[in-house]
Amino acid sequence: MANVCGYKFLVIDNQDILEINHLQRKTNSAVKHPEPVLKFDDPWCGKMEMFNYNNVLYDEKEKLFKMWYVVCAQEKDVYWERGRKTAYATSTDGIHWEKPMMNMVEINGSKENNYIIGEMTSLTYTIIDDPSDIPQRRYKMIFQVESEESRWAKFHMPLNLAYSSDGIIWNRPEHVNPIHRGVSDGGWGFIYDRDRRKYQLYTRRVPNIPRDISLYESYDLVNWEDKGRILIPCDEHDPPEMFNFQSMSPFIYEDFCLAALSTQYSLPGAEPYEIFNEPPSNWPSKTLGHVDLQLAHSRDGVNWSRPTDRSPIVSNGEPGSPDEGVIFVGSANPFVVDGDTYLYYTAVRYQHNDRTQNAYMKAHDFDMRDAVSCMLAIMPEDHWVSLDANNKEGSFVCKPWGPPHEIFVNADAEGGSVEAELVTPYGKVVPEYSRGDCVAITANGKNQLLKWKHGKSPWETIAKDHLGGLLVKFYLKNAKLYSYTFTLPDPNGQLEQDRVNARWCESIKHRSNNWGRNSNEPAGGVPSYSEPGPKE
Numbered sequence: 004m005a006n007v008c009g010y011k012f013l014v015i016d017n018q019d020i021l022e023i024n025h026l027q028r029k030t031n032s033a034v035k036h037p038e039p040v041l042k043f044d045d046p047w048c049g050k051m052e053m054f055n056y057n058n059v060l061y062d063e064k065e066k067l068f069k070m071w072y073v074v075c076a077q078e079k080d081v082y083w084e085r086g087r088k089t090a091y092a093t094s095t096d097g098i099h100w101e102k103p104m105m106n107m108v109e110i111n112g113s114k115e116n117n118y119i120i121g122e123m124t125s126l127t128y129t130i131i132d133d134p135s136d137i138p139q140r141r142y143k144m145i146f147q148v149e150s151e152e153s154r155w156a157k158f159h160m161p162l163n164l165a166y167s168s169d170g171i172i173w174n175r176p177e178h179v180n181p182i183h184r185g186v187s188d189g190g191w192g193f194i195y196d197r198d199r200r201k202y203q204l205y206t207r208r209v210p211n212i213p214r215d216i217s218l219y220e221s222y223d224l225v226n227w228e229d230k231g232r233i234l235i236p237c238d239e240h241d242p243p244e245m246f247n248f249q250s251m252s253p254f255i256y257e258d259f260c261l262a263a264l265s266t267q268y269s270l271p272g273a274e275p276y277e278i279f280n281e282p283p284s285n286w287p288s289k290t291l292g293h294v295d296l297q298l299a300h301s302r303d304g305v306n307w308s309r310p311t312d313r314s315p316i317v318s319n320g321e322p323g324s325p326d327e328g329v330i331f332v333g334s335a336n337p338f339v340v341d342g343d344t345y346l347y348y349t350a351v352r353y354q355h356n357d358r359t360q361n362a363y364m365k366a367h368d369f370d371m372r373d374a375v376s377c378m379l380a381i382m383p384e385d386h387w388v389s390l391d392a393n394n395k396e397g398s399f400v401c402k403p404w405g406p407p408h409e410i411f412v413n414a415d416a417e418g419g420s421v422e423a424e425l426v427t428p429y430g431k432v433v434p435e436y437s438r439g440d441c442v443a444i445t446a447n448g449k450n451q452l453l454k455w456k457h458g459k460s461p462w463e464t465i466a467k468d469h470l471g472g473l474l475v476k477f478y479l480k481n482a483k484l485y486s487y488t489f490t491l492p493d494p495n496g497q498l499e500q501d502r503v504n505a506r507w508c509e510s511i512k513h514r515s516n517n518w519g520r521n522s523n524e525p526a527g528g529v530p531s532y533s534e535p536g537p538k539e
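Each residue of the sequence shown is one higher than the one before, counting from 4 in the numbering used here.
Set out below in structure tokens:
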């Protein structure tokens, strides 16, 4: 697609589609790596310690995967953990990880380990690589800490800020911490919206049962605006036992903000009872205590939806597998490498309750080192949601566009077909570009060029006769279509520049919600400071 400007359209929602006939919109699964990519098997690991949350980023400049992960220490017959510390690992391929000797934290009289933050009562965090700030504050961390004193004082998850130039040595701005008080009970997503130049924090609002997702926004990481609840579970498409969102990790993907949701299944109206008490063998739901990953999507990062098809993007494994019980989405935002999205997750062999955790500990002689691990699932490019046809042919019609120079599809048409035709907005098929003139696509892959039997391009032959755009009608049979791309000639790059400018204009004028105020002005509610005047 050299010297052209490409416009990709995903079929996650109907924004670019006029009509759909006899097709099903399906949520698809990511492809799991068959084994954990990082296990808890180091000589400095204690028998009652285990892997916990992971936070993985990809450094495009260094071509290096970087992982920060929490190590959780359990105690026999104690409901809560003893404490948590943080370790660091790197990888060149995202699958095989090195644990460098950091020589920073002493464990059993030695600093030969990969810990960078020592044990404290509780520490969980989300780390981002922030492109908007100076190198000294390249990495940002939103973290939560607890102590015996804070628990005694009934502090409820105060959230704090830290920053770092290298992700190893962290500075905490004591003059602003904590930045949030009592807004979350754990599990938060943290992202920088480059278009709107805003930080976004997606948290579980408290108190809440069921657990939902709320959004807070900030220009400066200190002053935050409460945007309210943005996702609430247990609608008409959820089973009654799915009423808890454990956490949400958002990320930018094409024109969307997507998110991986850790969705928990519990006993409706009596979650605390199910945590400690086994359901009867004939209980109809077999998912109590399980957590899987589902999809959420937004066009602006504020207004969110979930697909009607609630199939997991990462589902629990079979009995005996590392992720048979719980799947916690990684703390960091999923990211794209060569078109594919990497979803790191924490895999747990037991369910999210006390009864199965205790049963696991006793069955394994209180050795927790294999109980939890880090796993990877990769979503192939654009495969999040598809329009599917079976033996009965289906079709969909795009909104007026172009006319395009070329049409590409990302589709799986093995054993089936994808065809198209060009139609005017008045419903008339364009001569020489009917379905009969189309060469059917019958393969599986991305960037498959839709061709016409005469070998000509619509832009070269009919563009001047159809100013204002044509409709493209796609026909599918035994096929899945994930996305389609239209191109236009762009020999000097002007179209691409126009698109960038249009996106910027849309962001600063229509998505920023900043009419009447400066775009970098802190959120309201903080009293202004003034020097004291002379006494009368």
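The C-beta atom is built at its ideal place from N, Cα and C for all residues, glycine as well.
Per DSSP, the bridge partner or partners of residue i
i           : result
residue 490 : 9 and 409
residue 436 : None, per the DSSP bridge assignment.
residue 232 : 217
residue 183 : 162
residue 448 : 414
residue 62  : 67
residue 196 : 201
residue 94  : 68 and 100
residue 247 : 267
residue 22  : 400
residue 52  : 76
Chain-order list of residues whose beta-carbon lies under 7 Å from that of residue i (same chain, five-residue window excluded)
i           : result
residue 112 : none
residue 247 : 213, 214, 236, 267 and 269
residue 451 : 411, 412, 414 and 444
residue 384 : 342, 343, 413 and 449
residue 403 : 428, 471, 472, 473 and 474
Counted within 10 angstroms of its Cβ, other Cβ atoms place residue i as buried (16 or more) or exposed
i           : result
residue 2   : For the chain, the structure presents residues 4 to 539; residue 2 sits outside this window and is missing.
residue 220 : buried
residue 135 : exposed
residue 150 : exposed
Spatial distance of residue i from residue j (CA atoms)
i           : j           : result
residue 258 : residue 119 : 37 Å
residue 350 : residue 324 : 9 Å
residue 493 : residue 179 : 49 Å
residue 313 : residue 30  : 7 Å
residue 52  : residue 231 : 37 Å
residue 137 : residue 166 : 11 Å
residue 1   : residue 234 : Shown here, the chain extends from 4 to 539; a query on residue 1 therefore has no answer.
residue 37  : residue 335 : 22 Å
residue 122 : residue 77  : 12 Å
residue 66  : residue 275 : 45 Å
residue 117 : residue 241 : 42 Å
residue 223 : residue 202 : 8 Å
residue 421 : residue 499 : 28 Å
residue 435 : residue 461 : 9 Å
Own chain partners of residue i with C-beta closer than 6 Å, once the 5 adjacent residues on each side are dropped
i           : result
residue 243 : 271
residue 353 : 328, 359, 360 and 363
residue 217 : 206, 208 and 232
residue 198 : 510
residue 104 : 115
Cutoff 8 Å; reference residue i; Cβ partners in own chain excluding five residues on either side
i           : result
residue 265 : 190, 248, 249, 250, 251, 294, 295, 296, 330, 331 and 332
residue 281 : 358
residue 93  : 67, 68, 69, 70, 100, 101 and 103
CB contact flag (residue i, residue j, <7 Å)
i           : j           : result
residue 129 : residue 145 : yes
residue 277 : residue 298 : no
residue 43  : residue 372 : yes
residue 33  : residue 316 : yes
residue 72  : residue 90  : yes
residue 24  : residue 458 : no
residue 474 : residue 406 : no
residue 9   : residue 311 : no
residue 419 : residue 466 : no
residue 550 : residue 399 : Absent from the structure is residue 550, since the part of the chain shown begins at 4 and ends at 539.
residue 377 : residue 41  : yes
residue 74  : residue 88  : yes
residue 423 : residue 453 : yes
residue 300 : residue 15  : yes
residue 162 : residue 131 : no
residue 304 : residue 169 : no
residue 447 : residue 417 : yes
residue 490 : residue 7   : yes
residue 380 : residue 346 : yes
residue 289 : residue 392 : no
residue 79  : residue 370 : no
residue 110 : residue 173 : no
Cβ of residue i within 7 Å of any chain D Cβ
i           : result
residue 209 : Any reference to chain D falls outside this structure, which holds one protein chain only.
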